[in-house]
Amino acid sequence: FNNLMFNFKEVQAILADTTDTVVAWFAGHDHDGGYARDRNGIHHCVPCSPLETEPGEVSFGYVDIHEDKLTMHWTGKAPKHGDSDTGHKERWPT
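Quick note: the working numbering has the sequence shown finishing at residue 83, numbered continuously throughout.
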């Protein structure tokens, strides 16, 4: 991501201590959006800005939360997949 929080290292450390309860982090928006999974298995998703859609284009996403998984669904512009901490492109969780 090209727009990290000023205290992102502190937040990452907190998240690393909560991997038994935190499975995903959703934050704000970015023009291209972004998705990656960190070395602790936590999914990080930043939705795309609605300002980047074409006039009349519908673009949104939602998450189904299950006891054993998250399923992300996107219509229109979906966040770009970034490199994970493990160095490879991540697929959307299904």
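Just so it is clear, CB atoms sit at the ideal spot from N, CA and C, and this is done for glycine as well.
Q) In angstroms, rounded to a whole number, what distance separates the CA positions of A67 and S38? A) Residue 67 sits at position 78 when you count from the first residue of the sequence shown. Residue 38 sits at position 49 when you count from the first residue of the sequence shown. Cα-Cα distance, rounded: 10 Å.
Q. How would you label Y51, buried or exposed, when you count the other beta carbons within 10 angstroms and need 16 or more for buried?
A. Counting from 1 along the sequence shown, the entry for residue 51 is found at position 62. Answer is exposed; the Cβ neighbour count stays below 16.
Q | Unbroken stretches of the beta strand (DSSP E), 3 residues or longer, contained in the region 0 to 46 | A | 13 to 15, 23 to 26, 32 to 35
Q | Straight-line gap, M(-6) to A16 (C-alpha atoms, nearest Å) | A | Looking up residue -6 in the sequence shown gives position 5. Looking up residue 16 in the sequence shown gives position 27. One C-alpha to the other measures close to 10 Å.
(Q) When you compare the CB positions of E43 and H20, do they come within less than 7 Å of one another, or not? (A) In the sequence shown, residue 43 corresponds to position 54, counting from 1. In the sequence shown, residue 20 corresponds to position 31, counting from 1. No, these two residues do not count as a Cβ contact at 7 Å.
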